[in-house]
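Take 311 as the starting number for the sequence shown in our numbering and just add one per residue.
No residue lacks a Cβ here, since even glycine has one placed at the ideal position from N, Cα and C.
Here is the structure we will look at, set down as structure tokens.
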Amino acid sequence: MAGSPEVVAMDCEMVGIGPQRVSGLARCSIVNLYGTILYDKYIRPEGEITDYRTRVSGITPRHMVAATPFVEARLEDSSVSRGGVTHEPGRDKRKEGGVGPFLKTTPSS
């Protein structure tokens with residue numbers, strides 16, 4: 311089962327996008343049951359980053375310089391997670407309530 315995507319844990323770091331500072335994915339890390347890293351990348355979200363949330367996320371502008379574009383990362387995530395993170399034909403965990411959306415609107419403070 312080592313390296314198997316059957317049991318995984320995922321952690322995401324988010325940044326604020328646009329004037330409303332909606333949450334956008336800026337880093338995704340996925341490990342298996344044994345802590346083996348299956349995926350760990352900085353991801354450049356679509357839209358202008360207006361709040362790096364560095365104190366919480368640890369994300370800074372320099373992380374975004376070589377970050378993987380969101381569209382590309384979404385495809386990579388699905389190959390690692392077999393649909394648990396993004397999409398598998400006929401099955402979308404986000405729609406089933408298993409995984410939250412990649413872009414979530416949060417109330418402004």
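To which residues of the same chain is residue i closer than 6 Å at the C-beta, ignoring the five residues directly before and after it?
i, result
"residue 412", "Reliability of the predicted coordinates at residue 412 is poor, the pLDDT of 46 falling under 50, and no value is obtained from them."
"residue 356", "380"
"residue 321", "339"
"residue 374", "354"
Between the alpha carbons of residue i and residue j, how many angstroms are there, rounded?
i, j, result
"residue 399", "residue 384", "Model confidence at residue 399 stands at a pLDDT of 36, short of 50, so the residue's coordinates are unreliable; what they give is reported in the following sentence. Spanning the two alpha carbons is a distance of roughly 14 Å."
"residue 319", "residue 329", "31 Å"
"residue 491", "residue 337", "A query on residue 491 cannot be resolved here, the shown segment of the chain reaching from 311 to 419 and no further."
"residue 324", "residue 348", "19 Å"
"residue 378", "residue 372", "13 Å"
"residue 253", "residue 345", "It is not possible to answer for residue 253, since the shown part of the chain is limited to 311 through 419."
Considering residue i, what are the terminal residues of the alpha helix (DSSP H) in which it resides?
i, result
"residue 366", "364-367"
"residue 317", "No alpha helix (DSSP H) contains residue 317, which DSSP labels as neither H nor E."
Near residue i, what residues of its chain come up, given a Cβ to Cβ distance below 8 Å and the 5 sequence neighbours on each side ignored?
i, result
"residue 326", "332, 333, 334, 359, 360, 361, 362 and 363"
"residue 370", "362 and 364"
From the DSSP secondary-structure annotation, give me the bridge partner or partners of residue i.
i, result
"residue 328", "Beta-bridge pairing links residue 328 to no other residue."
"residue 371", "Paired residues: none, contrary to the question."
Length-filtered (3 minimum) beta strand (DSSP E) runs lying within the segment 333-358:
You should have 347-354.
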